[in-house]
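Read in order, the letters of the sequence shown are residues 825 to 1312 in the working numbering.
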Amino acid sequence: MKSDIVIIGGGASGLMAAYSAAKSASDAGKCITVTVLEKMPRPGRKIMITGKGRCNFTNVKQWNDFSGHIRSKSNFVKSAFYGFNPEKVREFFESYGMETVVERGDRAFPASYRSGDVVDTLVSACHSVGVKIETEFEVASINRQCIRQRLLGKSPIGPQHSAEKSESATIGFRDGGETQEFVVEAKDGRRYVCDRLIVATGGLSYPATGSTGDGYRWASETGHKIEQTFPSLTALVPRGYKLTESKDLHIDRETELSEAGQSLCGIQLENVGVQLMVEGNAAQSEFGDLYFTDGGIEGPIGFQLSRKAVKSMINGSRVALVLDLKPGVDLTELTARVKELWAAVDKDPRSRNLKEKEKCRILLGKLMPWDLIPGFRAMHPEIMTLEHRGRNDSKLWINLPSIAKALKEWKFDIAGYVGYERAVVTAGGISTDDVVGKTMESRLVPGLYFCGEVLDIDSDTGGYNLQTAFSTGYLAGASAASSVNSPK
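Encoded structure:
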């Protein structure tokens, strides 16, 4: 089978690349064929689970603010961003009938809050411009074949035998002009021959959606450098949070929670501060919302810290998170506030017959969410001291300065992280040094393009990753179409 442009991967970047290629070719009066090859039964599987099914499909910040959320070589994305920025992405979806809304943090969602609407709109847009989408087409290999062209510049190799030629094969024609084609072969033997090839296979995250790192292998086989890959935007697992901890840093999300983990799981904290410590030194600080889940520490700021934390652990460094439940006040002021609250609880007539332990619980309830108290007390035994005065005489003391310090510096030593099976994105990938940022074309293999998560470009949570996928996909598709020679 022959197609002018083939895109491997029917995810966010691949579908957008296909649409862009077909649309820009049509606008230029070119008649070309564009085909998407997707290994799964349906395209856009990973989009379907984005944002817990709500799909935060972009972030509408301007470049100066947006670029600060790209964690590797943001300048590489700049041309693609300006060519297809967040407002243009919203306009694209709305032009095909999907209403959108923008929420806190400049995050854009489909108005229905259904990720399926994003996928359906992308697929409909592709079909509207003539894109062919082949599902259950699992690519086994990619090869290049060298051919000679006719005097008119048309390929002499027909679809019935073009894939039979080896990479170095040539066919003699009078003009002697030589060109390259790509042969894409599926595991079941089906083949596509194309003039331009776009690899949009994603990374390694959520392999059940079809992202299994195939693009890295193909890129490596053609000489492209692959930057170290690792899970990002993933759960960090505190020491003692799970019943068992493997020697490997990768801790499966399904591992059973310990008693401490159970006491914290499900709690969501708002407007807190967290500091990442690497080998005892402050490496990154974030402010916002943090969640304790069955995986470990997640939420917006947990995810933002996870990239550097995971990379540091892989490189052999000790990592810890320090949680500040009261980031708006310093320790001295908070200590005074704790003492004032304790005095009020102690003098309250309702506390007259209460034991110190119960009064401490009331105090903590004024300083944190009630459901956080059991976990906080279990992990901070120093806030209470039992003094033995005699065989049958003891006194429980509440250490108010210790409570204040624990509120400001709740330390979690990190044992490991949840791996690719539930990581939102893959950090690392095909080196952007080997790709032209203004076209997404390989510097090493003419006619080969890359876009989306397969590249070494990852960002924070909040719509940034999908936006870069759409931007790079749009640019790759338009660039590939502009370079295809086709009669008008």
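Cβ atoms here follow ideal geometry from the backbone N, Cα and C, with glycine treated the same way.
Per DSSP, the unbroken alpha helix (DSSP H) holding C1184 starts and ends at 1180-1189. By the beta-carbon neighbour count (other beta carbons within 10 angstroms, threshold 16), A845 is buried. Separation of the CB atoms of V1249 and G1027 is rounded to 7 angstroms, and the pair is thereby assigned contact status at 8 angstroms. Taking one beta carbon from each stretch, the segment 1256-1270 and the segment 1056-1069 have fewer than 3 pairs nearer than 8 angstroms; the two do not touch. Cβ atoms of S1295 and F905 come within 8 angstroms of each other, at about 5 angstroms.
About 47 angstroms separates the CB atoms of K1011 and E1083; that is not less than 8 angstroms, and the two are not in contact. By the neighbour-count definition (other C-beta atoms within 10 Å, threshold 16), P1270 is an exposed residue.
Here the segment 1132-1146 makes contact with the segment 1041-1059; the two share three or more CB pairs at distances below 8 angstroms. Annotated as distal: L1178 and V1162, with beta-carbon spacing of 9 angstroms or more. Annotated three-state conformation of R1246 is coil, per DSSP.
According to DSSP, residue pairing for M1101 in a beta bridge involves A1106, A1144.
A distance of 9 angstroms or more separates the beta carbons of V926 and F917. In the assembly as shown, H951 is an exposed residue. Its beta-carbon has fewer than 16 other beta-carbons within 10 Å. DSSP places D930 in the helix class (H, G or I) of the three-state scheme. Judged by their CB atoms, S827 and K956 are nearer to each other than the 9 angstroms cut-off. Here Q1108 is actually not in contact with L1093; their C-beta atoms are around 18 angstroms apart, not less than 8 angstroms. Straight-line spacing of the CA atoms in G1037 and K902 works out to 25 angstroms. In the structure shown, S844 adopts helical secondary structure according to DSSP, grouped into three states.
For the 9 angstroms CB-CB criterion, T1033 and R869 form a contact.
With fewer than three CB-CB distances shorter than 8 angstroms, the segment 1121-1128 does not count as touching the segment 1218-1226. E911 carries a helical assignment under DSSP once its states are collapsed to helix, strand and coil. Taken through DSSP and simplified to helix, strand or coil, Y920 comes out as coil. Between the alpha carbons of L1220 and S1087 lies a distance of about 23 angstroms. Under the three-pair Cβ rule at 8 angstroms, the segment 1234-1245 counts as touching the segment 1146-1154. Ranked by Cα distance from N880, the options A1300, L1290, S1306 are led by L1290.
Here T1117 is buried: its Cβ has 16 or more other Cβ atoms, across all protein chains shown, within 10 Å. Closest in alpha carbon position to M1192, among L1210, K1150, E1157, is K1150. Looking only at V1008, G1090, A949, R1142, the smallest Cα-Cα distance to G1199 is reached by G1090. The DSSP-derived three-state label of C950 is helix. Looking at the DSSP output, F1111 shares a beta bridge with G1097. Taking 8 angstroms as the upper bound for CB-CB distance, A841 and C1275 are in contact here, some 6 angstroms apart. Counting only residues of its own chain and dropping the five nearest sequence neighbours on each side, A1059 has a CB closer than 8 angstroms to the CB of R1077, T1117, G1119, G1120, I1121, E1122, G1126, S1130, Y1241, V1242, R1246. Beta-bridge analysis with DSSP links G1253 to E1051. By the beta-carbon neighbour count (other beta carbons within 10 angstroms, threshold 16), N888 is exposed. CA-to-CA, the gap between L1279 and H893 works out to about 16 angstroms. Bridge pairing for A1010: V963 [DSSP].
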